[in-house]
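S.K.: Structure in structure tokens, see below.
Residue numbers (this note's numbering): 3 to 174.
Here's what the structure looks like:
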């Protein structure tokens, strides 16, 4: 990809991936991440927009549940999809959990309603915690081109080793 620096002169230069630009000025690319204590992963297949997580909340949850997600302190929703077969029917409707020293993840029995979202935000999602981990790799090029350029190969490589436990996730 190129960008025109001087349209009159027709000079073009390659655009460096954003993480490279961030590093070149001495910033840490990790510093732009949003902090959260609990999360909701919504299985959103097909193409993603810049606001894939917001789209997933609007398209998959009832309005009151979506409003509860947006109002909950420390809860972050993400869109997720498999690394391969991204167009097949959704499997598990959603996962929820908490991060930190007592991290857990739970496959939800159904898409959460508003009371379930409140429980997720409190760190007590409905259902039994799963064994193991899920690995999310951001691949949302509409949000950040680096995520597709760098994330897709990472997700594909991890998926070869860890199978369905690896997912594409909206911007972290």
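Glycine residues also receive a C-beta, built at the ideal position from the N, C-alpha and C atoms.
So, are the CB atoms of residue 182 and residue 83 less than 8 angstroms apart?
M.R.: Outside the displayed span of the chain (3 to 174) sits residue 182, for which this structure offers no information.
S.K.: Indicate whether the contact test is met: 3 or more Cβ pairs, each with one atom in the region 112-128 and one in the region 55-69, closer than 8 angstroms.
M.R.: Output reads yes: the region 55-69 touches the region 112-128.
S.K.: Per DSSP, what kind of secondary structure is residue 45 in: helix, strand or coil?
M.R.: Reduced to three states, the DSSP call for residue 45 is strand.
S.K.: Assign residue 162 to one of two classes, buried (16 or more other C-beta atoms within 10 Å of its C-beta) or exposed (fewer than that).
M.R.: So residue 162 counts as exposed.
S.K.: Any idea if residue 173 is buried or exposed, counting beta-carbon neighbours within 10 angstroms, 16 or more meaning buried?
M.R.: By the 10 Å Cβ count, residue 173 comes out buried.
S.K.: Please state whether DSSP places residue 164 in a helix, a strand or coil.
M.R.: Looking at residue 164 - three-state DSSP - the assignment turns out to be helix.
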